[in-house]
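Participant: Count the sequence shown with the working numbering and you get residues 117 to 347, in order.
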Amino acid sequence: MPQTPHVEQHFRASETVRDIVIGMSDGLTVPFALAAGLSGAVSSTGVIVVAGLAEIAAGSISMGLGGYLAARSDAEHYARERAREAREVQEVPETEADEVQQILKSYGLANEESLVVTNALRQRSDSWVDFMMRFELGLEEPNPRRALISALTIGGAYAAGGLIPLGPYMFLKTPRPGLLVSSLMTIAALAAFGYVKGGFTGAKPVRSGFQTMLIGGLAAAAAFLIARLIA
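1) Would you kindly check if the distance between the Cβ of residue 278 and the Cβ of residue 143 is under 8 Å?
2) Determine the contact status of residue 166 and residue 291, defining contact as a CB-CB distance below 8 Å.
3) Could you give the residue range of the alpha helix (DSSP H) that holds residue 233?
4) Starting from the N-terminal side, write out each stretch of the alpha helix (DSSP H) that is 4 residues or longer and does not extend beyond the segment 205-290.
5) Would you grab the beta carbon distance between residue 175 and residue 146 for me? Rounded to a whole angstrom, and I think it's under 8 Å.
6) Examine chain C for any beta-carbon lying closer than 8 Å to the beta-carbon of residue 304, and answer yes or no.
7) Give the DSSP-derived three-state secondary structure of residue 158 in the structure shown.
8) Assuming residue 148 contacts residue 269 under a Cβ cut-off of 8 Å, what Cβ separation, rounded to an integer in Å, is found between them?
9) Residue 320 by DSSP, collapsed to three states: which one?
10) Give me the Cα-Cα distance between residue 126 and residue 180, rounded to the nearest whole angstrom.
11) Less than 8 Å separating the beta-carbons of residue 220 and residue 233?
12) For residue 187, collect the residues of the same chain with a Cβ closer than 6 Å to its Cβ; drop the 5 residues on either side in sequence, then sort them by chain order.
13) Quick one: measure Cβ to Cβ for residue 202 and residue 245, integer angstroms, because I've assumed they're closer than 8 Å.
14) Pop quiz: residue 255 and residue 197 are said to be a contact at Cβ under 8 Å. What is the actual Cβ separation, rounded to whole angstroms?
15) Have a look at 177, 154, 190 and 162 and flag the residue whose alpha-carbon is nearest the alpha-carbon of residue 131.
16) Could you check if residue 211 is buried or exposed, using at least 16 other CB atoms within 10 Å of its CB as the buried criterion?
17) For the putative contact between residue 271 and residue 177, defined by C-beta atoms under 8 Å, what is the C-beta separation to the nearest angstrom?
18) Does the separation of the CB atoms of residue 173 and residue 298 fall below 8 Å?
19) How long is the line joining the alpha carbons of residue 124 and residue 319, rounded to whole angstroms?
20) Taking Cβ to Cβ, would you say residue 313 is nearer than 8 Å to residue 161?
21) Which residue from 207, 195, 193 and 249 puts its Cα closest to that of residue 216?
22) Which parts of the segment 164-212 are runs of the beta strand (DSSP E), unbroken and 3 residues or longer, counting only runs that do not cross its ends?
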């Protein structure tokens, strides 16, 4: 009797989701706070729009650069650790072999079983180093394009998020109505963003949406109060 193939579906875009969360959450709150703070200080929405667009541009570049440098640091750290492990495998193989056995035993393998795997790894130096990187240090080899992808993802998400609270000011002539519509749109966007994020990460979408709306709303309110005090 034919059997249905077992296909495992695992979510493998956690880094991309993390970058989107970082960029979008800041993009929704910081431009909103700036525009809201200026709403009580100026009478023209044109000034708010220009200031908001300038902030979005600067914020996108800054956040993207931060993501790029963080990803580059991860790649450089991995390269250094791999070089160190490769050197240790060559210079102190007995010590490294003992570490492999201890790791395998921690997963429940018997001494004889761990010895077989260890001897097999000793015949494959690259695989041996891969094993130590993964199971001793807990490090995965980064995507070589990760830095650029992270920069573009964070910067793009920041810009997309920032246009949501700024959008109403582009179509309304006075700041007060713009502030009201911007507040409602920002809250709705936070809730929707959290809901979608929950679907990707495995969390309950409704709960994730409420948490994102609450946390983002509090952050936006705090930034708004600070902006109003300064403006």
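In this text, a Cβ means the ideal position worked out from N, Cα and C, and glycines have one as well.
Facilitator: The short version:
1) yes
2) no
3) 227-238
4) When DSSP assignments are scanned along the segment 205-290, the uninterrupted stretches of alpha helix (DSSP H) that are 4 or more residues long and fall wholly within it turn out to be 209-222, 227-238, 241-247 and 262-287.
5) Right, the Cβ-Cβ distance comes to about 6 Å (below 8 Å), so this counts as a contact.
6) Among the chains in the structure shown there is no chain C, since it carries only a single protein chain.
7) In this structure, DSSP gives residue 158 a state outside helix and strand, which the three-state scheme calls coil.
8) About 21 Å; that fails the 8 Å criterion.
9) Three-state DSSP puts residue 320 in coil, outside helix and strand.
10) Its pLDDT being 44, under 50, residue 126 is placed unreliably by the model, and the measurement read from it follows with that caveat. Between the alpha carbons of residue 126 and residue 180 lies a gap of roughly 27 Å.
11) yes
12) 262, 263 and 266
13) That belief holds up - the Cβ atoms of residue 202 and residue 245 are roughly 5 Å apart, short of 8 Å.
14) 6 Å
15) 190
16) exposed
17) 7 Å
18) No, the pair does not count as a contact, with Cβ atoms beyond the cut-off.
19) Any answer about residue 124 is weak, because its pLDDT of 45 lies below 50 and its placement is not dependable; what the coordinates show is given next. Answer to the nearest angstrom: the Cα atoms are 19 Å apart.
20) no
21) 249
22) none
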